[in-house]
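> I'd like to ask you about the structure that follows.
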Amino acid sequence: MVTLARVEEGAFVVSGDLFGRMVEHARAAAPNECCGLGLGAPGAVAEFHPLDNVHETPVTRYEIAAADQLRLHLRAEDEGWDTTLVFHSHPATEPYPSATDLALAGWPDAVYAILGLAGPEPLLRAYRIRDGEVAELDVSLS
Amino acid sequence: MATFRIPPVLRPLTDDQVKVESPGATLGEALEGLFEAHPALRERMIDTDGTLRRFVNVYVDEEDVRTRDGLETPLESGSSVIVLPAMAGGAA
Chain P
83 MVTLARVEEG AFVVSGDLFG RMVEHARAAA PNECCGLGLG APGAVAEFHP
133 LDNVHETPVT RYEIAAADQL RLHLRAEDEG WDTTLVFHSH PATEPYPSAT
183 DLALAGWPDA VYAILGLAGP EPLLRAYRIR DGEVAELDVS LS
Chain L
457 MATFRIPPVL RPLTDDQVKV ESPGATLGEA LEGLFEAHPA LRERMIDTDG
507 TLRRFVNVYV DEEDVRTRDG LETPLESGSS VIVLPAMAGG AA
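As given, the protein sequences belong to chains P and L, one line each in that order.
For the first sequence, our numbering gives the first residue as 83, with consecutive numbering after it.
For the second sequence, our numbering gives the first residue as 457, with consecutive numbering after it.
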């Protein structure tokens, strides 16, 4: 199984390939936020799926289509995987979970990765969000 | 009898059960049975106006109930009901 990213000793280790795909997806969607999901064994990302943002206010919000979510949920089940990565971009703000991100974070076992585009270079940050509490993971590129 | 598949974030409210069975001719009826057994689920899934919460997705036999009849969506014997918290958020 190809591993695009994995959680290792409190860090989120991201392949250059996955990072490049995240940046490409975010830049293509800007000034709107983009979103995507990663599937894999617990703590790993074997597949990354860039998805459409269907929220009615996409500049500052994102929402994955219910149909996409089901399709990938069933795909993960077929493979014996989980949804292990929830990805979105913050085109104009820091890549830190907003109050909205915290309120709607419903996947305690997934890594929430946010790519910020406000600075001179894209900045990827990763978090676990459980019961509204944020724990940041160090991000390293492999 | 329908089988609800409970997502990880809601399992603390179902005594960590992954699958919960509940009878009913419609999704709404089966949900009432589910809420009777696990009352804390109601607030997480149903809004104050009695409809499904905006950021909870429910699928009956792999179809989004919002594209069918919502809580009135009919259930077959052995229907599978998947509950997935929406994946949503954003900077504002």
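Ideal Cβ placement from N, Cα and C applies to all residues, glycine included.
Keep in mind it's a predicted model, so treat the numbers as computed, not measured.
Starting from residue 460 of chain L, find everything on chain P with Cβ-Cβ shorter than 8 Å and list it in chain order.
Within chain P, no residue comes near residue 460 of chain L; the closest Cβ sits about 14 Å away, beyond 8 Å.
> Anything in the segment 137 to 148 of chain P with a Cβ closer than 7 Å to a Cβ of chain L? List those residues in chain order, please.
137, 142, 143, 144, 145, 146, 148
> At the level of alpha carbons, what is the spacing between residue 203 of chain P and residue 179 of chain P?
When rounded, the distance between both Cα atoms is 19 Å.
> Give the residues of chain L in contact with residue 119 of chain P, contact being defined as C-beta atoms less than 9 Å apart.
543
> Between which residues of its own chain and residue 477 of chain L is the CB-CB distance below 6 Å, once the five residues before and five after are set aside?
So the list reads 457, 459, once near-sequence residues are dropped.
> Can you give me the start and stop residues for the beta strand (DSSP E) that residue 166 of chain P sits inside?
164 to 172
> On the CB-based measure, 16 or more other CB atoms within 10 Å of its CB, does residue 223 of chain P come out buried or exposed?
Residue 223 of chain P comes out exposed.
> Enumerate in chain order the residues of its own chain whose CB-to-CB distance from residue 145 of chain P is below 7 Å, with the five nearest sequence positions on each side excluded.
135, 136, 137
> Looking at C-alpha atoms only, which residue of P:107, P:112, P:104 is the closest neighbour of residue 173 of chain P?
P:112
> Just grab the DSSP bridge partners of residue 143 of chain P for me.
DSSP lists no partner for residue 143 of chain P.
> Name the one or two DSSP bridge partners that residue 478 of chain L has.
L:458
> Please confirm whether residue 534 of chain L has its beta-carbon closer than 8 Å to some beta-carbon of chain P.
no
> Pair every Cβ in the segment 474 to 492 of chain L with every Cβ in the segment 209 to 216 of chain P, then say whether three or more of these pairs are closer than 8 Å.
no
> Buried or exposed: where does residue 474 of chain L fall if 16 or more other Cβ atoms within 10 Å of its Cβ makes it buried?
Exposed, by the Cβ-count rule.
> Secondary structure at residue 464 of chain L, three-state DSSP: helix, strand or coil?
helix
> Would residue 99 of chain P pass as an interface residue toward chain L - the criterion being a Cβ-Cβ separation below 8 Å?
no
> Quick one: does residue 131 of chain P have its CB under 8 Å from some CB of chain L?
no
> Which residues share a DSSP beta bridge with residue 121 of chain P?
For residue 121 of chain P, the pairing in a beta bridge is given by DSSP as P:129, P:165.
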